Structure formats: structure tokens, C-alpha cells
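Peer 1: Following our numbering, the numbering of the sequence shown begins with 550 at its first residue and continues without gaps.
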Amino acid sequence: MLRKSFTLTLVFPTLLIILLILYPQQSLQAAREGFALFTGSVLPSLLPFFAAASLFVALGGAHWVGRILEPVMRHVFHCPGIAGYVLVMSFLSGYPMGARLTADLYAQGQITKADARRMTILCSTSGPVFITGAVGAGMLGNSRAGLLILLAHYAAVLITGFLWRGGKLSQPPVRVSIPKPLPFGESLGKAVKSAVESIFTICGFVVLFAVIIAQLTQTGVIALLAQGLSPVLQLLQLPPDLAQAMLGGMIEMTTGCRLAAETTAPLVSKCAVIAAAISFGGFSIHAQTFAFTAKCGMRPWHYFIAKCMHALFAFCFTVILGRFLIRPDAAAAYVDYTGAYFMPIPTFVNTLHIALLYCGFAAVLLIIMLVLDYMDYRARKKGKS
Numbered sequence: 550m551l552r553k554s555f556t557l558t559l560v561f562p563t564l565l566i567i568l569l570i571l572y573p574q575q576s577l578q579a580a581r582e583g584f585a586l587f588t589g590s591v592l593p594s595l596l597p598f599f600a601a602a603s604l605f606v607a608l609g610g611a612h613w614v615g616r617i618l619e620p621v622m623r624h625v626f627h628c629p630g631i632a633g634y635v636l637v638m639s640f641l642s643g644y645p646m647g648a649r650l651t652a653d654l655y656a657q658g659q660i661t662k663a664d665a666r667r668m669t670i671l672c673s674t675s676g677p678v679f680i681t682g683a684v685g686a687g688m689l690g691n692s693r694a695g696l697l698i699l700l701a702h703y704a705a706v707l708i709t710g711f712l713w714r715g716g717k718l719s720q721p722p723v724r725v726s727i728p729k730p731l732p733f734g735e736s737l738g739k740a741v742k743s744a745v746e747s748i749f750t751i752c753g754f755v756v757l758f759a760v761i762i763a764q765l766t767q768t769g770v771i772a773l774l775a776q777g778l779s780p781v782l783q784l785l786q787l788p789p790d791l792a793q794a795m796l797g798g799m800i801e802m803t804t805g806c807r808l809a810a811e812t813t814a815p816l817v818s819k820c821a822v823i824a825a826a827i828s829f830g831g832f833s834i835h836a837q838t839f840a841f842t843a844k845c846g847m848r849p850w851h852y853f854i855a856k857c858m859h860a861l862f863a864f865c866f867t868v869i870l871g872r873f874l875i876r877p878d879a880a881a882a883y884v885d886y887t888g889a890y891f892m893p894i895p896t897f898v899n900t901l902h903i904a905l906l907y908c909g910f911a912a913v914l915l916i917i918m919l920v921l922d923y924m925d926y927r928a929r930k931k932g933k934s
């Protein structure tokens with residue numbers, strides 16, 4: 550079994566090397582575009598915020614906020630009080646801060662495996678500066694659109710975390726002692742160092758997965774998948790030129806956001822697809838999350854289904870909130886799209902229809918999750934007997 554797993558693990562890097570040799574020019578161009586995207590949008594918007602967030606932690610602010618949120622975390626999400634601190638840091642710093650902090654707390658024995666699984670899902674978010682700065686102001690050129698995506702993204706993760714909260718906590722509240730803050734100068738230096746390390750890790754993933762997307766496009770895989778996605782786009786009443794953006798977002802969310810922003814689709818359509826891509830995270834974020842939480846008992850399929858639910862809820866919330874936050878003239882470039890629900894003056898009934906459609910998809914995913922949990926419970930019970 551171990552040898553088979555090892556062989557399968559070698560398939561991905563082997564194919565990547567072969568495609569790099571077969572398509573060197575396209576791979577190099579994709580790497581340049583990925584790096585340009587990083588330096589043009591991601592770096593200037595995230596680096597100062599990462600430094601500020603790290604300084605906030607070093608001075609004890611996040612621990613204080615975590616204690617305040619303890620009643621909400623325990624009674625609403627069935628997570629220990631310390632999860633409030635992790636959630637705050639996930640909201641502030643974005644992927645994969647929540648997974649890293651959850652793994653650290655599990656390694657320290659402050660949370661159980663069940664707590665870690667719930668926290669991995671709840672504390673899996675992007676940061677506000679990336680959404681409002683890099684995506685909203687940078688890619689879309691519309692700060693209001695960034696705010697729309699931000700609200701939908703955070704509302705969706707809270708709903709998803711509530712649905713995945715499981716049983717009641719068996720552990721008493723965990724109190725986290727607030728460490729004595731370091732001198733401001735030392736804290737600032739460590740904050741900048743931590744920010745630089747984190748930002749260039751993100752750079753590596755953005756460039757790598759931009760190359761992977763380019764290779765899949767060059768080999769025709771993306772086009773083939775886009776054709777298969779056409780019936781889904783028609784069902785969801787999405788413009789057809791968003792297919793590649795959706796597929797790209799499944800692989801690497803930053804590239805998917807860029808592809809969606811470059812289409813001629815209406816602004817609300819772009820925002821909805823981008824919100825779904827950011828909430829899903831892409832396989833790049835999934836890989837980073839599993840790298841941290843491998844020992845926490847988080848099953849990949851559970852995390853995948855939870856992120857699909859997060860994406861569906863975010864898409865649905867964006868469609869609804871977009872009616873109020875996006876001006877009608879912002880979508881005027883695509884008002885002739887036949888049958889689209891992204892019309893300047895949509896009806897309430899049509900909006901409700903779309904909302905119920907995506908909530909239905911989320912319900913199906915929730916049922917699948919419950920079936921998987923039941924099968925896992927039966928397997929554990931059988932193993933003990």
C-alpha cells in the first residue's frame with residue numbers, strides 16, 4: 550500500500566517535468582505572468598497587512614479578541630474558546646493562517662482532533678486586504694465589488710462552520726494565557742520577517758499553479774473541461790466566457806480571480822465567480838492546508854465538500870447582495886445577455902429562485918457529508934467491537 554501511494558505521489562512531479570520540457574516557452578510565459586500578478590496586486594496589498602497582523606499578534610491583541618469571542622465559539626460553533634483567536638487571525642491574515650494555527654494548537658494538546666477538524670473548516674478564509682485590495686481595487690478596479698465579495702465570503706464561512714459544528718464539546722473551555730509582549734522594536738522586526746516569509750511562500754504557489762494552468766491549457770485539458778462545463782453554466786445562467794475562470798479558480802484562486810476579472814461578463818457575474826473561487830480556495834490552498842493539518846485527522850474529502858459548500862453559499866450571497874451593492878450601470882456592458890439573471894433590475898422572484906437553487910446544491914453536499922460521517926462512524930464502531 551505504501552509503495553502504491555509512493556508511486557502515485559511521483560506521477561504529479563513527473564508529469565510536471567515532462568510538460569515543462571515539452572512546453573518551455575509557454576511555461577516560462579505563465580511563470581512571468583504569475584509573478585507579475587504577484588508583484589502587481591498581491592505583494593503591495595498583502596505585505597503591509599501581514600506585517601501589521603503579525604505585530605498585532607505579538608502585542609497580544611488577538612488573544613484578547615479570542616477571549617471575548619469564547620461564548621460565541623462554544624455555543625454557536627461547538628469549538629473551544631481559543632478558536633476565536635484562530636478565527637480572528639484567519640480573518641485578518643487569510644489562507645493558510647487558520648490551518649497553521651489549528652495545527653499548532655493540536656500539537657500543543659490544547660484542542661482535540663474533533664476540535665481541529667471543526668476549526669480547520671471554520672477558520673479557512675481569505676484575508677480582507679487581498680479581497681478588497683488585490684481583487685476589488687486591483688483586478689476589478691471597483692472597491693465596492695471587493696466589499697461585496699468580502700461580505701459574501703465571510704457570511705458563507707460562518708454558515709458552513711455552523712453546519713459542520715457536529716456534536717457538543719466534551720472538553721471544558723481552554724484558557725490561553727496572554728504572553729508578555731516583547732519590546733515594540735523587536736516585535737516590529739519579527740513581524741516584518743514573518744510577513745516576508747509568508748508572502749514569498751504565497752508567491753511560490755501562485756507561480757507554480759499559474760504554470761500548471763498554462764500547461765493544462767496548452768494540452769487542451771482546460772478546453773475539454775470547459776466544454777463539459779457548458780451544461781452547468783447554462784443551468785446556473787452564467788456567461789460562457791467564465792468557464793476557464795471557474796476551472797482556473799479550482800486550481801489556484803488568484804489565477805482564477807484574474808481570469809474572471811479579464812472577461813467581458815457583467816460585474817456581478819465576475820464577483821460571484823470570484824467569491825466562489827476565493828471561498829473554495831483552489832487545490833493550491835487545499836495542499837497548503839493538508840500540509841499543516843495532516844496529523845489532525847482532517848479527511849481530505851470532508852474538507853473538499855466543506856469548501857464546495859463554502860463556495861456555493863458565497864456565490865449565492867454575492868448574487869443576492871450584488872443587487873444592493875452594485876449599481877445597475879456597472880453591469881451595462883452585458884445587459885443583452887439573453888436569459889441571464891444578472892440583469893440591471895432583477896425581480897425578487899428570480900433572485901429567490903437562484904438563491905434556492907444554490908441552497909439546494911449546498912443541501913446535497915451536506916447530505917453527502919452526513920453519509921460519509923455515518924459510514925466513518927460505523928467503521929470505527931466495527932473496529933472497536
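For every residue, glycine included, the Cβ atom is placed at its ideal position computed from N, Cα and C.
Note that the coordinates shown come from a computational prediction; the quantities given were computed from them, not determined experimentally.
Does the stretch 783-790 come within contact of the stretch 581-598, defined as at least 3 CB pairs closer than 8 Å?
Peer 2: no
Peer 1: Mapping DSSP to helix, strand and coil, what is C865?
Peer 2: helix
Peer 1: First and last residue of the alpha helix (DSSP H) that includes P575?
Peer 2: Here the sequence assigns Gln to residue 575, which means Pro is not the residue at that position. It spans 573-586 - the alpha helix (DSSP H) in which Q575 sits, taken as one unbroken run.
Peer 1: Report all residues from its chain with a CB closer than 6 Å to the CB of L568; omit the five preceding and five following residues, and keep chain order.
Peer 2: The residues are Q764.
Peer 1: Mind checking whether S639 and C672 have CB atoms under 7 Å apart?
Peer 2: With a cutoff of 7 Å on beta-carbon distance, S639 and C672 are scored as near each other.
Peer 1: Would you identify the three-state DSSP class for W613, choosing helix, strand or coil?
Peer 2: helix
Peer 1: Rounded to the nearest angstrom, what separates V822 and H627 at their Cα positions?
Peer 2: 30 Å
Peer 1: Closer than 8 Å by C-beta to F561: which residues in its own chain qualify, once you throw out the five before and the five after it? Chain order, please.
Peer 2: none
Peer 1: Please state if the CB of P677 and the CB of L696 are separated by a distance shorter than 7 Å.
Peer 2: Contact: no.
Peer 1: Does DSSP put S675 in a helix, in a strand, or in coil?
Peer 2: coil
Peer 1: Excluding the 5 residues flanking S675 on each side, which residues of the same chain have their C-beta closer than 7 Å to its C-beta?
Peer 2: G643, Y644, H702, I827
Peer 1: If we ignore side chains and look at the alpha-carbon of each, how far apart do T887 and Q793 end up?
Peer 2: Because the pLDDT of T887 is 33, which lies under 50, any placement of that residue in the model is unreliable, and the number read from its coordinates should be weighed accordingly. Those two C-alpha atoms are separated by around 20 Å.
Peer 1: Less than 7 Å between the C-beta atoms of M847 and T681, yes or no?
Peer 2: Annotated as distal: M847 and T681, with beta-carbon spacing of 7 Å or more.
Peer 1: Work out the CA separation of V817 and T867 for me, nearest whole Å.
Peer 2: 8 Å
Peer 1: Check whether the Cβ atoms of G633 and G615 lie closer than 7 Å to each other.
Peer 2: Yes, the pair counts as a contact, with Cβ atoms nearer than the cut-off.
Peer 1: To which residues of the same chain is I748 closer than 7 Å at the C-beta, ignoring the five residues directly before and after it?
Peer 2: L592, L595, L596, F599
Peer 1: In angstroms, rounded to a whole number, what distance separates the CA positions of F864 and L737?
Peer 2: 38 Å
Peer 1: Take A602 and list the residues in its own chain whose beta-carbon comes closer than 6 Å to its own, dropping the five residues that flank it on each side.
Peer 2: Counting only Cβ-Cβ distances below 6 Å, and skipping sequence neighbours, we find L641, S642.
Peer 1: Over the uninterrupted alpha helix (DSSP H) stretch that includes M646, give me the two end residues.
Peer 2: 646-656
Peer 1: Using the Cβ count rule (16 or more neighbours within 10 Å means buried), how would you classify K856?
Peer 2: buried
Peer 1: Tell me the rounded alpha-carbon separation between L565 and H835.
Peer 2: Cα-Cα distance, rounded: 19 Å.
Peer 1: My understanding is that I800 touches I854, with C-beta atoms under 8 Å, so please give their C-beta distance in whole angstroms.
Peer 2: Contact flag wrong, Cβ pair sits at about 18 Å.
Peer 1: Expressed to the nearest angstrom, what Euclidean distance is found between the alpha-carbon atoms of L559 and R649?
Peer 2: 26 Å
Peer 1: Report yes if the C-beta distance between A652 and F841 is below 7 Å; otherwise report no.
Peer 2: yes
Peer 1: I'd like the span of the alpha helix (DSSP H) that includes A759, first residue to last.
Peer 2: The continuous alpha helix (DSSP H) containing A759 extends over residues 733-767.
Peer 1: Nearest CA to the CA of A810: which residue from V756, G658, I631, N691?
Peer 2: Taking only the C-alpha atoms, the option nearest A810 is N691.
Peer 1: Could you check if P629 is buried or exposed, using at least 16 other CB atoms within 10 Å of its CB as the buried criterion?
Peer 2: buried
Peer 1: In the DSSP assignment, find the unbroken alpha helix (DSSP H) run with K819 in it and report its ends.
Peer 2: 816-829
Peer 1: Go ahead and pull the three-state DSSP assignment for P788.
Peer 2: Taken through DSSP and simplified to helix, strand or coil, P788 comes out as coil.
Peer 1: With a 10 Å radius around its C-beta and 16 neighbouring C-beta atoms as the bar for buried, classify W713 as buried or exposed.
Peer 2: buried
Peer 1: Which of the three DSSP states is assigned to E619 in this structure?
Peer 2: helix
Peer 1: Note the first and the last residue of the continuous alpha helix (DSSP H) segment covering R693.
Peer 2: For R693, the enclosing alpha helix (DSSP H) begins and ends at 692-712.
Peer 1: Is it right to say K742 is buried, meaning 16 or more other beta carbons lie within 10 angstroms of its own, or is it exposed?
Peer 2: Its Cβ having fewer than 16 others within 10 Å, K742 is exposed.
Peer 1: Which of the three DSSP states, helix, strand or coil, is assigned to P629?
Peer 2: When DSSP states are grouped into helix, strand and coil, P629 belongs to the coil group.
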